[in-house]
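Chains as they are written, first to last, in the working numbering: chain A, 57 to 459; chain B, 136 to 906.
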């Protein structure tokens, strides 16, 4: 995509006045964005056939082609498009279906500035991925598969009518893919929650057992890795590494004096910092197997090998996916830059700091978890934050707290 | 002692008297006394007084008061039965003969008279007279005997015939002539057939009367000779008839006993069987020889013998009748029950004769009784354990005669509290009219089935029951049985379900209404935001203009105007001027839209004062359409055709809107289904709503262009829980509630026409003024 090209955004609603309102409100963006307004799904389909769009913002309930139909069409035919829903409709059945087709859900009435922010943020993420194939892969992604063990456990548990919400929360928070999906649903206001929740347990509580049960059992929100195609050892390595990084990032955050909200971000980012690896494993297993092999043979950092093939590493991919899913900026940032935080242009202690340190330390503590040559500390970044001298102390504190 | 003879002498000559006296008194061995009378009359007088004082009469024929032979005749005629010796002075032989002939014993002429002759004559006369008297007596005796015999023979009712040895009739009595229907003369001397000593019977036929059966018996007798026969002929007809009757009677009795389908026996007082019928033999499985003349001990199984003997003893000790039952196992091991009825009978002399007995095999009856008992028990169990409350009451008074447990539970009273109470007393008839109405129908149809009824139980809880009533006759009195089905819980559930459906539609509406409101709010918000931003631009612009206006030098103005123009371009005033008016009008329109929705919602959700009140149906429909807009607007347009003259209708406003809502929602769904099926989402369907009225009925028609109703489901669509929607979509109560509201709550009518694939038209009629 040419960066000089104007972004093309398609707004779809069956109510002209809604479109008029948005058009007026976003008029100021007309230099950056080409905004096209379609009344109803039918017109939208026609327009998409004629020209290419980067983002679609659609109502759900429309006569003729519904928002859901439209999103399905977009996902199939125009997979690189970011799909946003703007709806005043609150029928849970329909909303549940959108959890797999829409990247984000905005509830009417909503401030147009929120729409603007969502669009802008999504578009800004585009810079992370340069390879259209990878972009398509990321935007088309419905779910990130779960570890079969955890998947089976939650399926069994949910079929038991007496299961408690706490149990379910505990299981989901053990799984990276499930956690990511649940946070997507809670953070973009699918069910009208629209709160920034970074704790999976709290997200589960907010959604409630009924919704989770429906999402899992009838919408099939979660999936599991197909064991035939995937090598389980690497999954386990990533898993163990991720969970430790999550815990350690939180602890490091405490050591570094992050507030509680940022600690949550640090934990989540730690847990999901390698989510890109899972996406690679799930979506392009053979290619990724090669990359892993080469990286090990050549003793080159994995991200370098990934970038050679996809012009982006698992860090960018993970950040992109979670970004368009509406997860919070600090989390996205921590994931995107967890190898080279200096590229983030930040000079304060953030969850990124915690995740970077936790990640680097973990490979130090557990060499067996390395794929290729391990990440090293970004000294420029550490220096910039004035932590260079403290780093050994921090490490010691961490080790102490772990024991 | 000397024999003394007393003599009465009638003589007119005194000297002759003395002569005789002298002669007689001088006799040495014989003594004579003489009473002398000188005329006949005094002599007869004396005799008439003392006849027995004298042994003989000496009579002179020629007396002063009588002469000749007539004197004797006079004396004889007096009949003194004394010997008479005539003394007469006449010597005529004729007189002598005459005197002896007429009855004097002797005749003494006075002249030939001497002492010896006189004594001899006197003694002879006395002796002769004595003899004569004797003969006479004997003769008389014989005559009397014969007379007696004849009387006897005649008076016998049996016929008597006497024959000689050759069987010729010698004598026949009147009875015989009558029996034989011949006269004496016809019979005497005739031959009469005889069989000696062997009695035989003959039938005697008559021309003029019923035949007679006679028994004839001949025995030898002495009549004239010892070879004679006495034949008795006895009419035995009545005896014979009695015998026949008796025989017939006996035969009848025998047949009767034989044919009584029970086992009959009789035995004497010693227990010896003297008779029985063949049933009895069959019953025992024995031949007659094995029973008759035998006793119980000869053929009764030992385990039964004691009982029977004891019973016999008991009966004989207390004669009369005796009835008892006995059960035992027969030879094949089957349980048998018998009923034994026995009575004593007496001989003619009133001494105890024995026992007559009747044994009835009541095994089957017992089994039947048992079955009846079991059946009774079964029905009783069904009655008592029936989960539905049941009571049986007298028809006339409602008095409870029986209840089951479920009835106790339902009523809250115990059985003993319920019995003999009437139904009103236990709150079964909360309203007197209830009973009247139900019984009116009961009289008409004979039964009541599942009638919705309310009762008040002991805890003063109102229960809803379905009440079924049947009448029945118990001991010839009319009763009724009432079976209740307590549907209070069900009713509650129904109410809850109704409520749930209402909540469902309200919930659904709420989502739709939220959307309906969110949409205008969204653009009103955007517009106002936009106007706000624009106004900032205008303020900036106005300020700039004002500054420019405030500046006097002409040259400056030019530059300022340039600035203004720049600002105008920068802020895209062209765009603003174009957009502001429409953003204002759209905002106003949006606010109006919200207002309308909120109003309609308020009217729709108006907390139902559950009273009928006049309602403008057109307005009610209009507000329902508004509220439900989100339900239909994506799939259909609605056109309305209101009759503006439709008067207000007495109805439950909330319920009415519920009907319209349910029908609109259904219409929208069926249109949506059709679009899905035909994949024609771009073609909107049409819902037409029309109001009108006719007579006292408001008419509402709601038609759609949806799928129509398939024939197979037509009859079900008003049933509760019936739905064609997938599981989880809808409660299946929508049309059931519509039906309930229209028909039951408003006494209205609802029907529909449908064509599959083309649509459905519902037509509702509601009375304008409540009935």
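Every residue, glycine too, gets a C-beta built ideally from N, C-alpha and C.
Q. Hey, quick one: how far does the alpha helix (DSSP H) through residue 812 of chain B stretch, first residue to last?
A. Position 677 of the second chain holds residue 812 of chain B. Unbroken alpha helix (DSSP H) run through residue 812 of chain B: 788-813.
Q. What residues are listed by DSSP as bridge partners for residue 693 of chain B?
A. Counted from its first residue, the second chain places residue 693 of chain B at position 558. The partner list for residue 693 of chain B (beta bridge, DSSP) is empty, contrary to what the question assumes.
Q: Compare the C-beta of residue 817 of chain B with all C-beta atoms of chain A and state if any pair is closer than 7 Å.
A: To locate residue 817 of chain B, count along the second chain from 1; it is residue 682. True, the Cβ-Cβ gap to chain A drops below 7 Å.
Q: Could you work out which residues of chain B lie near residue 145 of chain A, taking near to mean beta carbons separated by less than 9 Å?
A: Counted from its first residue, the first chain places residue 145 of chain A at position 89. What residue 145 of chain A touches in chain B: 646, 647, 649, 650, 653 and 765.
Q | For residue 407 of chain A, three-class secondary structure by DSSP | A | For the purposes of this step, residue 407 of chain A is taken as residue 351 along the first chain, with counting starting at 1. If DSSP states are grouped into helix, strand and coil, residue 407 of chain A belongs with the helices.
Q | Any 3 or more C-beta pairs closer than 8 Å across the stretch 304-312 of chain B and the stretch 241-256 of chain B | A | no
**Q.** Identity of the residue in B/602, B/682 and B/261 nearest residue 584 of chain B by Cα
**A.** Position 449 of the second chain, counting from 1, holds the residue named residue 584 of chain B. It is B/602.
Q) Do you know how far the Cα of residue 565 of chain B is from the Cα of residue 587 of chain B? A) Residue numbering aside, residue 587 of chain B sits at position 452 when the second chain is read from its first letter. Residue numbering aside, residue 565 of chain B sits at position 430 when the second chain is read from its first letter. C-alpha separation (whole angstroms): 13 Å.
Q) Are the Cβ atoms of residue 254 of chain A and residue 229 of chain A separated by less than 7 Å? A) Start at 1 with the first residue of the first chain, and residue 254 of chain A comes out as number 198. Start at 1 with the first residue of the first chain, and residue 229 of chain A comes out as number 173. Contact: no.
Q.
Check this for me: beta carbons of residue 651 of chain B and residue 732 of chain B, under 7 Å apart or not?
A. Within the second chain, numbered from 1, the residue matching residue 651 of chain B stands at position 516. Within the second chain, numbered from 1, the residue matching residue 732 of chain B stands at position 597. Closer than 7 Å, so yes.
**Q.** Residue-chain proximity (residue 201 of chain A, chain B), Cβ-Cβ < 7 Å
**A.** As a first step, residue 201 of chain A is located in the first chain; it is residue number 145 there, counting from the start. Residue 201 of chain A does not count as touching chain B.
**Q.** Beta-carbon separation (whole angstroms), residue 821 of chain B vs residue 771 of chain B, contact threshold 8 Å
**A.** The sequence position of residue 821 of chain B within the second chain is 686, counting from 1. The sequence position of residue 771 of chain B within the second chain is 636, counting from 1. The pair is a contact, with the Cβ atoms about 6 Å apart (cut-off 8 Å).
(Q) What would DSSP say about residue 240 of chain B, mapped onto helix, strand or coil? (A) Numbered from 1 along the second chain, position 105 holds the residue referred to as residue 240 of chain B. It is coil, neither helix nor strand.
Q) Is residue 418 of chain B helix, strand or coil by DSSP? A) As a working note, residue 418 of chain B is residue 283 in the second chain. Note: residue 418 of chain B maps to helix in three-state DSSP.
Q: Examine chain A for any beta-carbon lying closer than 7 Å to the beta-carbon of residue 660 of chain B, and answer yes or no.
A: Within the second chain, residue 660 of chain B is the residue found at index 525, counting from 1. It does; some Cβ of chain A falls within 7 Å.
Q. Cα separation between residue 66 of chain A and residue 279 of chain A?
A. Translated into positions along the first chain, residue 66 of chain A becomes position 10. Translated into positions along the first chain, residue 279 of chain A becomes position 223. Distance from the CA atom of residue 66 of chain A to the CA atom of residue 279 of chain A, rounded to whole angstroms, is 31 Å.
Q. Quick check: the stretch 462-473 of chain B against the stretch 384-397 of chain B, are there 3 or more CB pairs under 8 Å?
A. no
Q | Three CB pairs or more closer than 8 Å across the stretch 802-820 of chain B and the stretch 776-789 of chain B | A | no
Q: Could you name the residues of chain B that residue 74 of chain A contacts, counting a contact when the two beta carbons are closer than 7 Å?
A: The count along the first chain starts at 1 and reaches residue 74 of chain A at position 18. Simply 654, 657 and 658.
Q.
Please state whether the Cβ-Cβ distance between residue 761 of chain B and residue 735 of chain B is less than 7 Å.
A. Taking the first residue of the second chain as 1, we reach residue 761 of chain B at position 626. Taking the first residue of the second chain as 1, we reach residue 735 of chain B at position 600. Their beta carbons are under 7 Å apart, which means residue 761 of chain B touches residue 735 of chain B by this criterion.
(Q) Looking at residue 238 of chain A: is its Cβ nearer than 7 Å to the Cβ of residue 209 of chain A? (A) Here residue 238 of chain A corresponds to residue number 182 of the first chain, with the count starting at 1. Here residue 209 of chain A corresponds to residue number 153 of the first chain, with the count starting at 1. For residue 238 of chain A and residue 209 of chain A, no; Cβs fall outside 7 Å.
Q: Look up residue 599 of chain B in the DSSP assignment and say whether it is helix, strand or coil.
A: As a first step, residue 599 of chain B must be located in the second chain, where it is residue number 464. In the structure shown, residue 599 of chain B falls within a strand segment according to DSSP collapsed to helix, strand and coil.
(Q) Are the CB atoms of residue 178 of chain A and residue 138 of chain A within a distance shorter than 7 Å? (A) The residue given as residue 138 of chain A occupies position 82 in the first chain. The residue given as residue 178 of chain A occupies position 122 in the first chain. The answer is yes: Cβ separation under 7 Å.
Q: Could you check what DSSP says for residue 376 of chain B in three-state terms: helix, strand or coil?
A: Residue mapping note: residue 376 of chain B aligns to position 241 of the second chain, counting from 1. Note: residue 376 of chain B maps to helix in three-state DSSP.
Q) Using a beta-carbon distance below 7 Å, is residue 718 of chain B in contact with chain C? A) No chain C is present in this structure, whose protein chains are A and B.
(Q) Is there a Cβ of chain A sitting closer than 7 Å to that of residue 665 of chain B, yes or no? (A) Translated into positions along the second chain, residue 665 of chain B becomes position 530. Yes, residue 665 of chain B lies at the interface with chain A (some Cβ there is under 7 Å from its Cβ).
Q) In chain order, which continuous runs of the beta strand (DSSP E) of length 3 or greater are located wholly inside the stretch 567-636 of chain B? A) 582-591, 597-609 and 612-621
Q: Give the interface partners of residue 78 of chain A over in chain B, defined as CB-CB distance under 7 Å, in chain order.
A: To locate residue 78 of chain A, count along the first chain from 1; it is residue 22. Correct list: 661.
(Q) Using CA atoms only, rank isn't needed, just tell me which of B/218, B/216 and B/241 is closest to residue 228 of chain B. (A) Against the second chain, residue 228 of chain B aligns to sequence position 93. Selected option, being the one with the closest Cα: B/241.
Q: Step through the CB atoms of chain A and report whether any lies within less than 7 Å of the CB of residue 721 of chain B.
A: Locating residue 721 of chain B in the second chain gives position 586, counting from the first residue. Judged by the 7 Å Cβ criterion, residue 721 of chain B is in contact with chain A.
Q: Indicate the three-state DSSP secondary structure (helix, strand or coil) for residue 202 of chain A in the structure shown.
A: In the first chain, the residue the question calls residue 202 of chain A occupies position 146. It is a strand residue.
(Q) Against chain B, does residue 58 of chain A count as a neighbour if the rule is that its beta carbon must be under 7 Å from one of theirs? (A) As a working mapping, residue 58 of chain A is identified with position 2 in the first chain. Caution applies to residue 58 of chain A, whose pLDDT of 48 falls short of 50 and renders its modelled position unreliable; the model cannot decide the point.
**Q.** residue 320 of chain B to residue 370 of chain B span [Cα, whole Å]
**A.** In the second chain, residue 320 of chain B corresponds to position 185, counting from 1. In the second chain, residue 370 of chain B corresponds to position 235, counting from 1. The C-alpha of residue 320 of chain B lies about 22 Å from the C-alpha of residue 370 of chain B.
Q: May I ask you to list, following chain order, the residues of the stretch 767-796 of chain B that have a beta carbon less than 8 Å from some beta carbon of chain A?
A: 768, 769 and 770
Q. Any Cβ of chain A within less than 7 Å of the Cβ of residue 727 of chain B?
A. Residue 727 of chain B sits at position 592 when you count from the first residue of the second chain. Residue 727 of chain B does not count as touching chain A.
Q. When DSSP labels each residue in this structure, what does residue 467 of chain A get in the three-state scheme?
A. Coverage of chain A is limited to positions 57 through 459, which leaves residue 467 of chain A absent and any answer about it impossible.
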